[in-house]
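Peer 1:
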Amino acid sequence: MDRDGIELRVVARPYIAYLILGGWAPLYLLYGVIVTPENRESLLYALLTIVGLFLWIFVALWSYRVRLRDGVLSEAGFLRPRKLASVSSIRRWRYEVGWANQKWLWWPTLRPFRRIAIYYKDGTTERHLDVSLNVFARERVDELLNAVRVLRPDLDLPRGFSVRAKS
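Counting with the working numbering, you get residues 955 to 1121 for the letters of the sequence shown.
This is the structure we're talking about:
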C-alpha cells in the first residue's frame, strides 16, 4: 500500500465496450442529418440525446472510485452519496454476481453486476460498499483486499473468490 492508500479507478475496458456497442450510433445519426434534410430536426435531436447519454456514461465511469486510506474505505460515484466505512466496522464481505435485492433500473439501488460486496455496520444499520470486478483492474482489487486483510486478519477471503498470485 502506498503512502496515500489504494485507489481503484475504472480501467479502459468499459469505455472500449461502450464505443464498440454504441460508437456507431452518433456517426450514423450525423450521416443522416447531413444526407436527409427533411428529417434533420428529428435526427439532430436523436444525435444530441445519444451524445448526452454517452457523456453521462463517461462521467459516471470516470467518477466511480473505491479507496482505502488510513483504515477507511470509501466509495464515490457520479450523483451518488459518498460511502465511508472504517475497516474495523466491516462485518463480512462476499463475492456476488447479479442483482441481489434490487429493482431493475431503479437508480438508487443499482449495484455492479460482479462485485465484492463489503458489508459494514453504520450505527445500528448494516450497509454495503461495492467493489466492481468488471470495471476495476483485477490486480488493484487484489491489492485492496490484501490491504484490508492486513488491517483485519480475521477476515477470510470472500467465498468463491481468490486473490491472484503476483507474477
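The beta carbon of each residue, even a glycine, is placed where N, CA and C say it ideally should be. Please read these numbers as outputs of a predicted model, since none were measured by experiment.
According to the neighbour-count rule (16 or more other Cβ atoms, all chains shown, within 10 Å of its Cβ), is residue 974 buried or exposed?
Peer 2: Here the question's residue 974 lines up with position 20 in the sequence shown. Classification of residue 974: exposed, given that the 10 Å Cβ count is below 16.
Peer 1: Going by DSSP, what residues sit across from residue 961 in a beta bridge?
Peer 2: Reading the sequence shown from its first residue, position 7 is the one you call residue 961. BP columns for residue 961 point to 1021.
Peer 1: Should the stretch 1025-1032 be regarded as contacting the stretch 995-1007, the criterion being three or more beta carbon pairs within less than 8 Å?
Peer 2: no
Peer 1: According to the neighbour-count rule (16 or more other Cβ atoms, all chains shown, within 10 Å of its Cβ), is residue 1013 buried or exposed?
Peer 2: Within the sequence shown, residue 1013 is the residue found at index 59, counting from 1. Exposed, since its Cβ has fewer than 16 Cβ neighbours within 10 Å.
Peer 1: From residue 1075 to residue 1081, what does the alpha carbon distance come to, in whole angstroms?
Peer 2: Position 121 of the sequence shown, counted from the start, is the residue given in the question as residue 1075. Position 127 of the sequence shown, counted from the start, is the residue given in the question as residue 1081. Near 6 Å, if we compare the C-alpha coordinates of residue 1081 and residue 1075.
Peer 1: What residue ranges within the stretch 980-1035 form continuous beta strand (DSSP E) runs of no fewer than 3 residues, ordered along the chain?
Peer 2: 1019-1023 and 1026-1031
Peer 1: What is the rounded straight-line gap between the Cα of residue 1067 and the Cα of residue 991?
Peer 2: As a working note, residue 1067 is residue 113 in the sequence shown. As a working note, residue 991 is residue 37 in the sequence shown. Here the alpha carbons of residue 991 and residue 1067 stand approximately 42 Å from one another.
Peer 1: Which residues in the same chain as residue 1100 place their Cβ atom closer than 8 Å to its Cβ, once the five residues preceding and following it in sequence are excluded?
Peer 2: The sequence position of residue 1100 within the sequence shown is 146, counting from 1. Excluding positions up to five away in sequence, the list reads 1117.
Peer 1: Quick one: measure Cβ to Cβ for residue 1048 and residue 1112, integer angstroms, because I've assumed they're closer than 8 Å.
Peer 2: Taking the sequence shown and counting its residues from 1, one reaches residue 1048 at position 94. Taking the sequence shown and counting its residues from 1, one reaches residue 1112 at position 158. Indeed they touch by this definition, with Cβ atoms about 5 Å apart.
Peer 1: Closest to residue 1109 by CA distance: which of 1086, 1044 and 1088 is it?
Peer 2: Looking up residue 1109 in the sequence shown gives position 155. Considering only alpha carbons, the answer is 1044.
Peer 1: With DSSP as the reference, identify every bridge partner of residue 1090, one or two as the case may be.
Peer 2: Here residue 1090 corresponds to residue number 136 of the sequence shown, with the count starting at 1. DSSP output for residue 1090 lists 964 as bridge partner(s).
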